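Asks: Line order of the protein sequences matches chains A and B. Start counting the first sequence at 16; every next residue gets the next number (the numbering used here). Start counting the second sequence at -10; every next residue gets the next number (the numbering used here). Even for Gly, the Cβ is constructed at its ideal location relative to N, Cα and C. Bear in mind that the values here come from a model prediction, so they are computed numbers and not experimental data.
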Amino acid sequence: MNPEHKNKIHLMIAEDDRVSCRLLEKHTKAWGFEVTIAQDGASAWKVFQESENIQIAILDWMMPKLSGIELCQKIREKNQEPYVYLIILTSKNCPEDIISGLSAGADDYIIKPFNPPELRARLKTGERIIELEHELRKARQKFQELAMHDGLTNLLNRVAIMEELTGEIARAYRTDSSLCTLMLDIDHFKQINDTYGHQVGDEVLIEIAARLKTELRIYDRIGRYGGEEFFIVLSNCTWEFGHNVANRLLKRISGTPVQTQAGPIQVAASIGFTSTDKLKQITPEIMLSVSDKALYLAKNKGRNCFVAL
Amino acid sequence: MDEKKDNPTKVPIDLESALDRTGNDEEFLYELINIYVDDYEDKKEELKSAIEEENYSQIQEIGHSLKGSSANLSLTYMQAASLEMEMAGREKNLETAKAALKKLETEFEQVKNYFADKLV
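(1) Do we get a CB-CB distance below 8 Å when we pair GLY57(B) with the residues of chain A?
(2) Kindly list, in the order they appear in chain A, the residues whose Cβ is closer than 7 Å to that of ALA60(B).
(3) If you reduce the DSSP assignment to three classes, tell me which class ALA224(A) lands in.
(4) Which residue marks the beginning of the beta strand (DSSP E) containing MET67(B), and which one marks its end?
(5) Please confirm if LEU108(B) has its CB atom under 8 Å from at least one CB of chain A.
(6) Going by Cα to Cα distance, which pick from ALA225(A), THR275(A) and ALA162(A) is closest to GLY212(A)?
(7) Throw me the rounded Cβ distance for the GLY238(A) and LEU171(A) pair, which I believe falls under 8 Å.
(8) In chain B, which residues lie with their C-beta within 9 Å of the C-beta of PRO131(A)?
(9) Looking at the secondary structure, which residues open and close the alpha helix (DSSP H) in which HIS258(A) lies?
(10) Helix, strand or coil, according to DSSP, for LEU312(A) in the structure here?
(11) For the stretch 125 to 133 of chain A against the stretch 199 to 214 of chain A, are there 3 or more C-beta pairs whose distance is under 8 Å?
(12) With DSSP collapsed to three states, give me the class of HIS20(A).
(13) Is LYS56(B) buried or exposed, if buried means 16 or more other CB atoms sit within 10 Å of its CB?
(14) For the pair the stretch 62 to 74 of chain A and the stretch 27 to 44 of chain A, tell me if three or more CB-CB distances fall below 8 Å.
(15) For a cutoff of 8 Å on Cβ pairs, would you count LEU21(B) as touching chain A?
(16) Would THR271(A) be called buried (16 or more neighbouring beta carbons within 10 Å of its own) or exposed?
(17) Give every residue of the same chain whose Cβ lies closer than 8 Å to the Cβ of GLY182(A), excluding the five residues on either side of it in the sequence, and list them in chain order.
(18) Quick test of the definition: if touching needs 3 or more C-beta pairs under 8 Å, does the stretch 94 to 104 of chain A touch the stretch 112 to 124 of chain A?
(19) I need the boundaries of the alpha helix (DSSP H) containing ASN79(A), first residue and last residue.
(20) Buried or exposed: THR95(B), going by 16 or more other Cβ atoms within 10 Å of its Cβ?
(21) In three-state DSSP terms, what is PRO132(A)?
(22) Determine, for TYR25(B), whether the minimum Cβ-Cβ distance to residues of chain A falls below 8 Å.
(23) Give me the residue from SER306(A), LYS266(A) and SER290(A) with the minimum Cα distance to GLU244(A).
(24) Determine, using beta carbons only, whether PHE104(B) comes closer than 8 Å to chain A.
(25) Could you tell me the distance, in whole angstroms, from the CA atom of LEU72(B) to the CA atom of LEU83(B)?
(26) For LYS33(B) and PHE129(A), I'd like the C-alpha separation in whole angstroms.
(27) For the stretch 114 to 182 of chain A, which segments carrying the beta strand (DSSP E) assignment without a break, of at least 3 residues, lie completely within its bounds, in sequence order?
(28) Could you tell me which chain B residues have their CB closer than 8 Å to the CB of LEU38(A), listed as they occur along the chain?
(29) For THR43(A), which residues of its own chain have a beta-carbon under 6 Å away from its beta-carbon, when the five flanking residues on both sides are left out?
(30) Using a Cβ-Cβ cutoff of less than 6 Å, which residues in the same chain neighbour PHE321(A) once the five nearest sequence positions on both sides are dropped?
(31) Can the beta-carbon of SER54(B) be found closer than 8 Å to that of MET67(B)?
(32) For VAL322(A), which residues does DSSP report across the bridge?
(33) Between the C-alpha atoms of GLN54(A) and GLU98(B), what's the straight-line distance to the nearest angstrom?
(34) How is THR275(A) classed by DSSP in three states: helix, strand or coil?
(35) Restricting to Cα atoms, I'd like to know which of PHE63(A), SER269(A), SER290(A) and THR190(A) is closest to ASN94(A).
(36) Which term fits THR11(B), buried or exposed, when burial requires 16 or more other beta carbons within 10 angstroms of its beta carbon?
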């Protein structure tokens, strides 16, 4: 990889000998690394704790205050992300240093006095490992997001929105504020699917999800609870304000038809909602159940309306 | 490098090896030599105290450190004397340590003479 076209990798050198230190610094800077120097084990540990992006460290095995080995152990114990690639500098004829270094968590070693092209090659290996770990973390984050989101609408999925509700209830208690929950169900959705097919049904869901999202505040939470059901958590929201929100959402949904590949389709929804202002007992299950009950009443009332319990 | 001073058969540095390690940068080599010379003065004092106090781990540590910097600059004889100092510390042998210190002093003079016109 060409160092000029990507961010410089941050490298730490922990070496108490000034000559060795300067030599290492000169070479590593010339090779394109962002370099930080520590001249004993204790300051190396301090630097490492205060900086979050050291990716490679070259550690002399014998240093005042904290040895290279001890430093390796501490760094591995801390086990923070991203992974730090550790190279330990050992003396010739000391295989026991190599063994203890690797056992303490070093990834590689190089014998002093070091040969610059060899160090460069070993650092390249380190860069490869770091890149691998980076890809792994990216993939893990992607999967975590996928696990929490509904694939079609990109809203939170059921598990995730219920988790959010739990958190918001706790926060409402802490800040002594009100919370509302809304269960919103698209009217006659089964009919839309049967008449126009599931692809069009999906288009409707995506569009409705998008409309709802734009109507909500940045700290409101919305999830796809079921096939055509959406569960909305409104923090810092009173019983009265909840009425406003419900009205707004209904208007937004039925205001303009949804454009689909089968032409414009008029859509409406029913909403059931409740608020912590009105509940004696407050748990996620209770709020869910009361919202659901209210939704049922809204459907019975003729749909395209909301009921508050 | 100018003509060799003192003993033409005993050169304190393996120049080819040293230049190799500095990427063939002569100026940088002189920079390092200056750091080395400067550093040695400090280390010498520390060694004297350590020997006086019979602090063997200090003796070993300083010997090790000096060995490292000497090796980096391919200062062959300084490296050997430093190794003796390091071993003296490891083996807790005061007499060997004192002898090693004498040797270091002698070899260091050679280094200073050799690089006399490059020292700041």
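Replies: This is what the structure holds:
(1) For GLY57(B), the answer is yes, since a Cβ of chain A falls inside 8 Å of its Cβ.
(2) In chain order: LYS127 and PRO128.
(3) The three-state reading of DSSP puts ALA224(A) in helix, counting H, G and I together.
(4) Counted as a single uninterrupted DSSP element, the stretch harbouring MET67(B) is not any beta strand (DSSP E) but the alpha helix (DSSP H) occupying residues 65 to 80.
(5) Answer no: the Cβ-Cβ gap between LEU108(B) and chain A never drops below 8 Å.
(6) Between GLY212(A) and the set ALA225(A), THR275(A) and ALA162(A), the nearest pair of CA atoms involves THR275(A).
(7) That pair is a contact at about 4 Å.
(8) Those are ASP9, ARG10, THR11 and GLY12, listed as they occur along chain B.
(9) 254 to 270 is the span of the alpha helix (DSSP H), which, as asked, contains HIS258(A).
(10) Taken through DSSP and simplified to helix, strand or coil, LEU312(A) comes out as helix.
(11) These segments do not touch.
(12) Because the pLDDT of HIS20(A) is 46, which lies under 50, any placement of that residue in the model is unreliable, and the question is left without a value.
(13) Looking at its Cβ environment, which holds 16 or more other Cβ atoms inside 10 Å, LYS56(B) is buried.
(14) Counting C-beta pairs with one atom in each stretch, the stretch 62 to 74 of chain A and the stretch 27 to 44 of chain A have three or more that are closer than 8 Å, which means they touch.
(15) Chain A, which has a Cβ nearer than 8 Å to the Cβ of LEU21(B), makes this yes.
(16) Answer is exposed; the Cβ neighbour count stays below 16.
(17) Shown here for GLY182(A): not one same chain residue has a beta carbon closer than 8 Å to its own, the five before and five after excluded.
(18) Result yes; three or more Cβ-Cβ pairs closer than 8 Å.
(19) Note that residue 79(A) is Pro in the sequence shown here, rather than Asn. Run containing PRO79(A): none; DSSP gives neither H nor E here.
(20) The residue in question, THR95(B), is exposed, as its Cβ has fewer than 16 Cβ neighbours within 10 Å.
(21) Three-state result, PRO132(A): helix.
(22) Yes, TYR25(B) lies at the interface with chain A (some Cβ there is under 8 Å from its Cβ).
(23) Selected option, being the one with the closest Cα: SER306(A).
(24) No, PHE104(B) does not count as interfacial toward chain A.
(25) Their Cα atoms are separated by approximately 15 Å.
(26) Going by the C-alpha atoms only, they are around 25 Å apart.
(27) Contiguous beta strand (DSSP E) elements confined to the stretch 114 to 182 of chain A occur at 123 to 127, taking only those with 3 or more residues.
(28) Against chain B, the beta carbon of LEU38(A) has neighbours under 8 Å at ARG10, THR11, LEU21 and ASN61, listed in chain order.
(29) Apart from the 5 residues on each side of it in sequence, THR43(A) sits with its Cβ closer than 6 Å to the Cβ of LEU26 and VAL50 in its chain, given in chain order.
(30) Result list for PHE321(A): ALA261, ILE286 and ALA313, in chain order.
(31) In this structure, SER54(B) sits away from MET67(B), with a CB-CB distance that is not shorter than 8 Å.
(32) Beta-bridge pairing links VAL322(A) to GLY287(A).
(33) Straight across, the Cα-Cα distance linking GLN54(A) with GLU98(B) is about 27 Å.
(34) Correct three-state label for THR275(A): strand.
(35) Distance check between ASN94(A) and each of PHE63(A), SER269(A), SER290(A) and THR190(A) places PHE63(A) closest, using alpha-carbon atoms only.
(36) Buried: at least 16 other Cβ atoms inside 10 Å.
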